[in-house]
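What follows is a set of notes on a single structure, which appears directly below.
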Amino acid sequence: MKDDPSFTNQAFKVIGTRVARPDGIDKVTGRARYGADASAAGQLVGMILRSPHAHAEIRSIDTSKAEKIAGVKAIITSADLPDKVNGKRDMLDILENCMARGRALYDGHAVAAVAAIDAETAKKALKAIKVDYKILPHVTDVDAAMQDGAPIVQSWVRTAGGDANKTTNVAQVSQFGHGNIEEGFAEADVIIERSFKTEQTHQGYIEPHACLASVGPDGSGELWVTTQGHYTFRTQCAQLLGMDIAKLKVTSSEIGGGFGGKTHVWMEPVALALSRKANRPVKLVLTREEVFRGTGPTCSTSMDIKVGAKRDGRITAALAVLRYQDGAFPGIWGMLGGMTAWACYDLPNVKAIAYDVLVNRPKVAAYRAPSAPMAAFGVESTMDLVAQAIDMDPVEFRLLNAAKEGTRASYGPTYGPIGIRATLEAVKNHPQMKAKLGPNQGRGMACGFWFNFGGQTCSTINIGTDGTVNVSVGTVDVGGSRASLSMIAAEELGVPYETVKCSVADTATLGHNDTTEGSRGTFSSGMAIIFAARNAVGELRARAAKTWDVPVEEVEWKDGTAYPMGDQHHNLKPLSLKDIAAKSPRTGGPIAGHNETVADGAGVSFASHICDVEVDPETGSTRILRYAVVQDAGKAIHPDYVEGQFQGAAAQGIGWALNEEYVYGKDGRLQNAGFLDYRIPVCSDLPFIDTTILEIPNPGHPYGIRGVGETSIVPPLAAIGNAVSNAVGVRMNHVPMSPPRILKAIKTQRAAG
Amino acid sequence: MSGVHVSTTINGDAVEFVCQPGEVLLDVLRNRVGLTGAKEGCGTGDCGACSVTVDGRLVCACLVLGAEVEGRAVNTVEGMANGNQLHPLQQKFIEHAALQCGICTPGFLVAAKALLDRNSDPTEEQIRYALAGNLCRCTGYDKIVRAVQAAAKDLAVDATKPAAKKKATKKPSKKSA
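Line order of the protein sequences matches chains A and B.
753 is the number that this note's numbering gives the last residue of the first sequence; the numbers go up by one with no jumps.
1177 is the number that this note's numbering gives the last residue of the second sequence; the numbers go up by one with no jumps.
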C-alpha cells in the first residue's frame, strides 16, 4: 500500500491498523439484535397480502370475513393510507409501492395487510380476504415496453420534454457527453458496434426486511427497523402517515446486509398503520419469497455500444444507447448508467443516451454502484473487441485511453487526482497476468467507475470523566464502520482505540443524517467526527488553560495531551485528555464536540479487475480459477474491511455474471423467488479473492478518504465476460452467462462454421 | 390446536416448552426460548443462517419441528463460548474480519464447528464444501475460509497441550469429511 503523508501531513497512529471491531463479540455470540430480533409486550404479527398478477385492476377488496376471525386486530388497504403528501409524485410512488392503489402493478405488489395475535391467525386472515381482480395486459421486458402499443404501466407518465398527450413507458431520456461523435467515427480506422443484455438481479441481503412498529393514539410512535437510513425512514413514514417528524422515533437495528435495498421504505408505513389502527405494537417480518417479489431488485437492461479507434489505439468516438427498466415506478437508474458508462476514459467525442423505462416488475432500488455494472459490461466488452481488432493488448489499450487528472469526464465535470491509471498499471504488473492458462481457460480484465456521495451528516463526541469517549453517528454500520469511525476519533483525539465507543444514534438523539448509501459511511461520518473531535480538542485546550490559568493560545494539543507553550510555563505539567476529563466537573462541566455538515468533497473511485476462468465446453459451466481486485481507496482506514468490501463486491458481481437472474413467466409472475432457484455464489463456487489497495488521496477529505464499498461490483460482469469469451472463443453478450447461454453461444458459433 | 410438551437440552441446560405440532425449531428457539442467535434468512433450508446442531448433527432449524427435539441435545451459537472464553472459531472470525453485517455469522460458526468436530484438519476445499450450505452476501467467503483455517490450526495446537487434552477428547469422534 502506498501512503502519501505529504498530503494529509500526518503520520497516522491508529488509521491503517487492523484492530478488532467493537461489535465483533456481539456478532459471534448471537447477542447482536437485528430487525427481527426485537419484541414488545402485547405485540401483534403483521402480514401482507400480495397480488398474484403482473398487472390488474383491483375492483374490490372484501375484508369482512377476515375481520370476523378471532384474534384479528386490524386489517388495512390503501383506503387506510390516504394521500397525506398533497399529491407529491415521488412520495406517492413510495406509498403506492407499499400498498397498491386501485391497480396491482407487479406480481408481489402489496394489496392489503393484517395484524393478528399470532402468525397462524394472520395467515388465516390473509386467506379470508377476497380481492376481485380484473387482469390487464402486462409487460416485463424493457425492449418490449418501449414498443408502440405496449401495455402502459402508469397512465400518468409522459416522457419528460416529449409529447404531453402521449402515454408511454419511457419516463425519462437522459443524455451525456461532449464533442462530435459523427466526426469522431468518421476519423476512426476501426469501428465496433455491439448489443448487450443483462438480466435483473436482487441485492440478496441474507436478512429479510423486518420491523417492530408502535403508534399510540396521541400520534407518537416508535419504529425499530433494519434500514440503511433511519432518518430517511422517519421522514418518509411520518410524511406518508401524516405524523409529526419529531414524534416518530426510529431506531436502526443491526442490519443484515442492504447493498442499497434498504434505502427506502417498503412495509414500514404498513406496519405503523396497522399498529395505529390496532393500538398495539406490530412486528412485521418479510419472508424470503416476499423479499424477492416485493423489494429490491436492480434493473434489467438492453444496450447498444459503439466505439471507433485509430490503429494506434486512440479512441476517436464512443456512443452508448442504454435502456434500463425501473420496474413499475420511474427512477434514475438509466440516467446513472448513462453517467457512468464512459467515465473511465479520456474521450474527445463521447455520448451516452439513457432511457428509464417502466415495466410490470417490482420498483427498482439501488444495488451497490447502481446501474454502473451493466453499462460497464457493454462498454468493457466492446473495449476488448476494439483492442483485438487493432491487435493491441487490452490493458495497454485502456491505459492509452484512460482518464487522468484534468480529463473532462463524459458526464460533465473535470477530474481531480484519480486512480484509474494506477489501477491499470497495477493490473499490468500483477502476478496473475503471468499465470499459465490451460485448455478451455481464459483471462479477462475490466475497469469500473463509481461516484461517492457525501450528504448531510452529524456526529457528537462526548468525553466521560474517566477519559473514555462516546461517539454518536447517524450513518448505519453496514460492514464494520463503527470500527473505522472509532479509529478516526481515536486518531484525532490522540487516545487509544479501545477507549472509544461508537454507537449508531436513534433519530431522537442526532439531527438528520442522509441514508448510508453512495459509499458514504466512513467518508462522511468520518469527516463529521474529525470536525467534532477538533471542536472537543478546542474545549480540552480551554479547560487546560483554565486549570493552568494561562491564555488558551498558549496551550498546544499533541498526542492526546495538552502542553503549555513557551519557556515561561516550564513548571506546568502536561495534562492528558484523561486528566482534563477527570477535572471537567469543576472546570465547566461535560466536554463534548459536535459537528453538523454537508460532507462535500466526495472523490470518485476506480477499480480494475482480473479474472481467470475455465469453461466446461460440454456443460457450459464456468469455474472462477483466480480473481484479483485492484481499487483506489483514497486512504484505507481499516484495511481488513476495505479488502472485505472489495471481495464482497467482486463476489456479488461474479454471481450476477454467471448465475443470478429474475426469471419471469409469460404470465408475468416471478418463477424463482427463493435462494434455491435464485442461486447466489456459495463458498465452494469461489476461490480466494486477491486484493490490492491503492491510496490516491481524495483532496476533498481531511484524511484523503474515498468511499470503497461499491466500485468493485462494476468490473466483474465485463471481466468475466471477457474471460469466458477468451476461453470459448465466442463473444458473450448476455448476462448472466449461465451454462445454457454459454452452450448456445458455442453451438451457434459451431453452426456458423 | 393443542400444544406439544417438549423436554430437551439446549446448550447444556434442561429446557421445557410447549409448541404447536407444526411449529419449526427455529421459531421455538427464537419466539419461545428467547434465543435469537439463529436467524431466518429463507425458511426453506437454503441459506443456513439458522444452523444449529441436534445431537451433534448439523441441521437447519427451519426444517426441524420443535416437537422433534424431545429428549435430544440442541446446540446453538449462544452455547459456543465457554463462559467468557470465546471458541477459537469465534475469536478467529473477529481477528480475520470474517464478518461484515454478521447476520450469517451464527450459522457459519455452528457449521464450521460441526466441520472441525469431525475433521480437525480440513483442506481449503473441504472447508468450502462443508460451508456451501451457508450463504454470505457480504464477504465473498475469503476471510471466512481463512478464519476457519486459523481456528483449525489453533485447535490443533491446543490439542497437543496436556491441559487441553481432556477437553479435546470430550468431542464426539466422528468420521472425517
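Here a beta-carbon is modelled for each residue, glycine too, at the ideal position from N, C-alpha and C.
On a predicted model such as this, the values are computed, not experimentally measured, just so you know.
message: Whole angstroms are fine: how far does the CA of Thr711 of chain A sit from the CA of Glu183 of chain A?
response: One-based indexing of the first sequence puts residue 183 of chain A at position 183. One-based indexing of the first sequence puts residue 711 of chain A at position 711. If I take the Cα positions, the gap works out to 32 Å.
task: Consider the Cβ of Ile15 of chain A: report whether some Cβ of chain B lies at a distance smaller than 8 Å.
output: Translated into positions along the first sequence, residue 15 of chain A becomes position 15. No, Ile15 of chain A lies away from the interface with chain B (no Cβ there is under 8 Å from its Cβ).
Counted within 10 angstroms of its Cβ, other Cβ atoms place Lys747 of chain A as buried (16 or more) or exposed: By 1-based counting over the first sequence, the position of residue 747 of chain A is 747. By the 10 Å Cβ count, Lys747 of chain A comes out exposed.
Per-residue contacts from Ala37 of chain A into chain B (C-beta, under 7 Å): For this step, residue 37 of chain A is matched to residue 37 along the first sequence. This sequence places Asp at residue 37 of chain A; Ala is not what is there. Per Cβ cutoff of 7 Å: Thr1036.
query: Does the Cβ of Pro617 of chain A have 16 or more other Cβ atoms within 10 Å, making it buried, or fewer, making it exposed?
result: By 1-based counting over the first sequence, the position of residue 617 of chain A is 617. So Pro617 of chain A ends up on the exposed side.
- prompt: Cα-Cα, which of A:Pro574, A:Ile624 and A:His570 is closest to Leu540 of chain A?
  reply: As a working note, residue 540 of chain A is residue 540 in the first sequence. Minimum Cα distance to Leu540 of chain A is reached at A:Pro574.
message: Quick check: what's the CA-CA separation for Ala144 of chain A versus Ser1002 of chain B?
response: For this step, residue 144 of chain A is matched to residue 144 along the first sequence. For this step, residue 1002 of chain B is matched to residue 2 along the second sequence. Their backbone Cα atoms lie some 54 Å apart in a straight line.
- request: Note down, in chain order, each residue of its chain lying with its Cβ closer than 6 Å to the Cβ of Leu399 of chain A, except the 5 sequence neighbours on either side.
  value: Mapped onto the first sequence, residue 399 of chain A falls at position 399. Correct list, in chain order: Leu424.
message: Using a Cβ distance threshold of 8 Å, determine whether the region 239-251 of chain A contacts the region 211-224 of chain A, with at least three qualifying pairs required.
response: yes
- prompt: For chain B, is any of its Cβ atoms less than 8 Å away from the one on Val478 of chain A?
  reply: For the purposes of this step, residue 478 of chain A is taken as residue 478 along the first sequence, with counting starting at 1. It does; some Cβ of chain B falls within 8 Å.
- prompt: Is it the case that the Cβ atoms of Leu272 of chain A and Thr301 of chain A are separated by a distance below 8 Å?
  reply: Within the first sequence, the letter at position 272 stands for residue 272 of chain A. Within the first sequence, the letter at position 301 stands for residue 301 of chain A. Not in contact: Leu272 of chain A and Thr301 of chain A (Cβ atoms no closer than 8 Å).
query: Quick one, are the C-beta atoms of His357 of chain A and Asn165 of chain A less than 8 Å apart?
result: The residue labelled residue 357 of chain A in the question sits at position 357 within the first sequence. The residue labelled residue 165 of chain A in the question sits at position 165 within the first sequence. The amino acid occupying residue 357 of chain A in the given sequence is Val; His does not appear at that position. In this structure, Asn165 of chain A does not lie closer than 8 Å to Val357 of chain A by Cβ.
- prompt: Applying a beta-carbon distance threshold of less than 7 Å, which residues of chain B neighbour Leu686 of chain A?
  reply: Working through the first sequence from its first residue, we reach residue 686 of chain A at position 686. Gly1140 and Tyr1141, listed in chain order.
- prompt: Could you give the C-beta distance for Val111 of chain A and Ser51 of chain A, rounded to a whole number, given that I count them as a contact under 8 Å?
  reply: What you label residue 111 of chain A is simply residue 111 of the first sequence in a count that begins at 1. What you label residue 51 of chain A is simply residue 51 of the first sequence in a count that begins at 1. That pair is a contact at about 5 Å.
- request: Taking C-beta pairs closer than 8 Å, name the residues in chain B that Ala650 of chain A reaches, listed in chain order.
  value: Your numbering for residue 650 of chain A matches position 650 in the first sequence. Within 8 Å Cβ-Cβ: Gly1140.
- prompt: Going by Cα to Cα distance, which pick from A:Lys123, A:Arg623 and A:Thr457 is closest to Ala70 of chain A?
  reply: Residue mapping note: residue 70 of chain A aligns to position 70 of the first sequence, counting from 1. Selected option, being the one with the closest Cα: A:Lys123.
- request: Report the three-state DSSP secondary structure of Cys458 of chain A (helix, strand or coil).
  value: Reading the first sequence from its first residue, position 458 is the one you call residue 458 of chain A. Strand at Cys458 of chain A.
- request: Would you please state the rounded distance, in angstroms, between the beta carbons of Leu44 of chain A and Ala113 of chain A? I believe it to be under 8 Å.
  value: Numbered from its first residue, the first sequence carries residue 44 of chain A at position 44. Numbered from its first residue, the first sequence carries residue 113 of chain A at position 113. Contact doesn't hold; Cβ gap of about 11 Å is too wide.
query: What in chain A is Cβ-close to Val1145 of chain B, meaning under 8 Å?
result: Taking the second sequence and counting its residues from 1, one reaches residue 1145 of chain B at position 145. The contacting residues are Cys683 and Phe688.
message: So Thr515 of chain A contacts chain B; which residues on that side make the cut at Cβ distance below 7 Å?
response: Along the first sequence, read from residue 1 onward, the residue named residue 515 of chain A stands at position 515. By Cβ distance, chain B contributes nothing, its closest Cβ being about 16 Å from Thr515 of chain A, past 7 Å.
message: Quick check on Leu1135 of chain B - is its C-beta less than 8 Å from some C-beta in chain A?
response: What you label residue 1135 of chain B is simply residue 135 of the second sequence in a count that begins at 1. Leu1135 of chain B counts as touching chain A.
task: Anything in chain A within Cβ reach of Pro1122 of chain B, meaning under 7 Å, just list it in chain order.
output: Reading the second sequence from its first residue, position 122 is the one you call residue 1122 of chain B. Per Cβ cutoff of 7 Å: no residues; Pro1122 of chain B is ~12 Å from chain A at best.
- prompt: Measuring CB to CB, does Val395 of chain A end up less than 8 Å from Met445 of chain A?
  reply: Position 395 of the first sequence, counted from the start, is the residue given in the question as residue 395 of chain A. Position 445 of the first sequence, counted from the start, is the residue given in the question as residue 445 of chain A. Yes, they are a contact pair.
Straight-line gap, His109 of chain A to Phe453 of chain A (C-alpha atoms, nearest Å): In the first sequence, counting from the first residue as 1, residue 109 of chain A sits at position 109. In the first sequence, counting from the first residue as 1, residue 453 of chain A sits at position 453. Taking the straight line from one Cα to the other gives about 31 Å.
- request: Kindly indicate which three-state DSSP category Ile420 of chain A falls into: helix, strand or coil?
  value: For the purposes of this step, residue 420 of chain A is taken as residue 420 along the first sequence, with counting starting at 1. If DSSP states are grouped into helix, strand and coil, Ile420 of chain A belongs with the helices.
field: the region 431-439 of chain A / the region 604-618 of chain A touching (three or more Cβ pairs under 8 Å)
entry: yes
message: If contacts are defined as beta-carbon pairs under 8 Å, then Tyr1026 of chain B and Cys683 of chain A qualify, I think. What distance do you get, rounded to the angstrom?
response: Taking the second sequence and counting its residues from 1, one reaches residue 1026 of chain B at position 26. Taking the first sequence and counting its residues from 1, one reaches residue 683 of chain A at position 683. Tyr is not the amino acid found at residue 1026 of chain B; the sequence shown has Leu there. Not quite, the Cβ-Cβ distance comes to about 22 Å (not below 8 Å), so this is no contact.
field: Inter-stretch contact at 8 Å, needing at least 3 Cβ pairs: the region 341-351 of chain A / the region 170-181 of chain A
entry: yes
- prompt: CA-CA distance, Thr515 of chain A and Cys458 of chain A?
  reply: Working through the first sequence from its first residue, we reach residue 515 of chain A at position 515. Working through the first sequence from its first residue, we reach residue 458 of chain A at position 458. Taking the straight line from one Cα to the other gives about 12 Å.
- request: Compute the Euclidean distance between the alpha carbons of Ile390 of chain A and Lys306 of chain A, then round it to the nearest angstrom.
  value: For this step, residue 390 of chain A is matched to residue 390 along the first sequence. For this step, residue 306 of chain A is matched to residue 306 along the first sequence. Rounded to the nearest angstrom, the two C-alpha atoms are 15 Å apart.
message: Strictly below 8 Å CB to CB, what residues from chain A border Ile1094 of chain B?
response: As a first step, residue 1094 of chain B must be located in the second sequence, where it is residue number 94. Simply Ala20, Arg21, Gly24, Ile25 and Val28.
field: Nearest-angstrom Cα separation, counted from Arg586 of chain A out to Lys1166 of chain B
entry: On the second sequence, position 166 is the one that residue 1166 of chain B refers to. On the first sequence, position 586 is the one that residue 586 of chain A refers to. Any reading at Lys1166 of chain B needs caution, since the residue's pLDDT is 46, under 50, leaving its predicted position unreliable; the model's value is listed next. Between Lys1166 of chain B and Arg586 of chain A, the C-alpha separation is close to 56 Å.
task: Would you grab the beta carbon distance between Arg706 of chain A and Ala633 of chain A for me? Rounded to a whole angstrom, and I think it's under 8 Å.
output: The residue you call residue 706 of chain A lines up with position 706 of the first sequence. The residue you call residue 633 of chain A lines up with position 633 of the first sequence. With 8 Å as the limit, Arg706 of chain A and Ala633 of chain A qualify as a contact, their Cβ atoms being about 6 Å apart.
query: By DSSP, does Arg408 of chain A sit in helix, in strand, or in coil?
result: Within the first sequence, the letter at position 408 stands for residue 408 of chain A. In this structure, Arg408 of chain A counts as strand in the three-state DSSP scheme.
query: Going by DSSP, which residues form a beta bridge with Cys447 of chain A?
result: Within the first sequence, the letter at position 447 stands for residue 447 of chain A. Partner(s): A:Ser608.
field: Gly674 of chain A in three-state terms, based on DSSP
entry: As a first step, residue 674 of chain A must be located in the first sequence, where it is residue number 674. Of the three classes helix, strand and coil, the one that applies to Gly674 of chain A here is coil, per DSSP.
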